[in-house]
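Step one of this worksheet: look at the structure below.
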């Protein structure tokens, strides 16, 4: 895997390993995830349900991490 900022690398690694419990713990309860087809997912349960069905995404076009270190916003690269 190419080098990313630690938060992105951690999230992608958890998705690759299908470690849904740790991924849920790494996501803010209010996380917003925008997929490459511009579908807006809200909350860890919705994000993980979608990720279970899709291939591992590439690095995001944009992301934000809260003060607690959990991911609050992820925007996939469109296309």
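Numbering (this note's numbering), first residue to last: 1057 to 1135.
All C-beta atoms, glycine included, are put in the ideal place defined by N, C-alpha and C.
- Inclusion of residue 1088 and residue 1096 in the CB contact set at 8 Å is warranted, their separation being smaller than that value.
- The Cβ atoms of residue 1122 and residue 1084 sit closer than 8 Å to each other.
- Residue 1064 is positioned such that its CB atom lies no closer than 8 Å to that of residue 1090.
- With respect to the C-alpha of residue 1117, the residue from 1093, 1086, 1101 having the closest C-alpha is 1093.
- Apart from sequence neighbours up to five positions away, the residues of its chain that approach residue 1120 with a beta-carbon distance below 7 Å are 1128, 1129, ordered along the chain.
- For residue 1126, the three-state secondary structure derived from DSSP is coil.
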